[in-house]
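Worksheet for the structure shown next.
Residue numbers (my numbering): 231 to 580.
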């Protein structure tokens, strides 16, 4: 059976209270790149888009970084560079690493037992690296005071200088072959979703997952209890709640084409990009790609279209991308600046 691939712009799992066992993961959390140490130049790390995400069950907001136009999620990074400076504070040590493209600070937290010890002893134990040494650093990416930094997981000295050159070529190949391509869901993800709709199959698929079970006392009134599973009606409701709705660029393209067919023969780019219904779909596409609008920072009395300003440029870019594809399909004609558009009439229509 051919593997079915679907773009990650999908509302993957429902958070219905009837299905406590269903995963609440965001679509980008299924990207394997999110769970690996991504090899990048430091200048690329500084260009990553930072998004703070409120995860259920976690008090603090989770920081997520997205790479380029493909919006691949990045959580941890792996860099190679030279130690340019070292700052030792009471609780942390900061190493400033330079790989030739830019500089970034790497933070190592001092254990509590060393913080309370004498300063000379602490310095002697923590002085593992020297300035101008070539090192490899891996750790979790963080943003502190609007500056990106790395929380060190491992840091090793590199003896062979050729390893730095090999890393450069490796990053160039990864950026071309992996990072620039969007992550796509496979049929395995949908098989997982299908299993999770049924509690009995979910128990075998995830044996360590706690099932939401309700207890019903017996007629005898003793301590014995019976496990009540979902009824047939509840199962159908659960499946109905979890119907998969794919919101991607193809859906937006079809809606734009449908809107043009019903309303327009000629139009300007500035007019179609302001259509509210199309804007709503465009924002859902952007959100499914990792952009998260923080409504808490918005006033409740603010007008509906004002929150679109946050992604105004990205919405315009998305519309231009789709209109260009319609031009390639010979459905539209446009001027050089993509300002005015005209629907191409076939001979039968003429």
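Ideal placement from N, C-alpha and C gives every residue a C-beta, glycine not left out.
Would you mind reading off the limits of the alpha helix (DSSP H) that contains residue i?
i	result
residue 501	499-502
residue 506	506-518
residue 484	479-493
residue 276	272-277
Return the first residue and the last residue of the beta strand (DSSP E) that residue i is part of.
i	result
residue 381	377-387
residue 399	Taken as a continuous stretch (DSSP letters only), residue 399 belongs to no beta strand (DSSP E), being part of the alpha helix (DSSP H) at 392-404.
residue 317	306-318
residue 267	267-269
residue 335	333-339
residue 373	364-374
residue 324	322-328
residue 296	292-297
Around the Cβ of residue i, are there at least 16 other Cβ atoms within 10 angstroms (buried) or fewer (exposed)?
i	result
residue 281	buried
residue 269	buried
residue 342	exposed
residue 257	buried
residue 302	buried
residue 511	buried
residue 319	exposed
residue 443	Note that residue 443 has pLDDT 38, beneath the 50 cutoff, so the model's placement of it is unreliable and no number is given.
residue 267	buried
residue 396	exposed
residue 374	exposed
residue 410	exposed
residue 491	exposed
residue 519	buried
residue 402	exposed
residue 274	buried
residue 565	exposed
residue 515	buried
From this set, the options, which residue's C-alpha is nearest residue i's C-alpha?
i	options	result
residue 380	397, 338 and 546	338
residue 293	284, 383 and 506	284
residue 398	376, 542 and 329	329
residue 316	331, 361, 303 and 298	361
residue 517	544, 503, 260 and 358	544
residue 291	372, 492 and 412	372
residue 264	295, 320 and 321	295
residue 326	411, 297 and 334	334
residue 404	297, 565, 547 and 549	297
residue 262	502, 356, 374 and 408	408
residue 370	358, 356 and 385	385
residue 557	356, 513 and 486	486
residue 502	483, 375, 400 and 515	483
residue 377	506, 272, 389 and 276	276
residue 508	494, 493, 519 and 489	489
residue 307	272, 504, 394 and 555	272
residue 567	322, 387, 550 and 559	550
residue 394	336, 331 and 413	331
residue 382	340, 506, 514 and 547	340
residue 582	494, 480 and 548	Beyond the ends of the chain as shown, which are 231 and 580, falls residue 582; an answer cannot be given.
residue 358	390, 391, 323 and 555	323
residue 506	412, 305 and 542	542
residue 481	278, 563 and 552	552
residue 260	406, 321 and 413	413
residue 321	356, 304 and 305	356
residue 504	479, 493, 546 and 494	546
Please indicate yes or no: does the CB of residue i lie closer than 7 Å to some heavy atom of the ligand FMN?
i	result
residue 488	For the structure depicted, the ligand FMN is absent and the ligand set is empty, with no information on it obtainable.
Does the beta carbon of residue i come closer than 8 Å to any beta carbon on chain B?
i	result
residue 395	No chain B is part of this structure, which consists of one protein chain only.
Next item on the list: Please confirm if the segment 494-506 is in contact with the segment 563-573, defined as three or more CB-CB distances below 8 Å between the two stretches.
Entry: Yes, they touch.
Item checked: Contact between the segment 300-319 and the segment 358-367 (3+ Cβ pairs under 8 Å) -> In short, these stretches touch, since the Cβ pair count reaches three.
Check: Of all the alpha helix (DSSP H) runs that stay within the bounds of the segment 551-578, which reach a length of 4 or more residues?
Finding: With a minimum length of 4 residues, no continuous alpha helix (DSSP H) run stays inside the segment 551-578.
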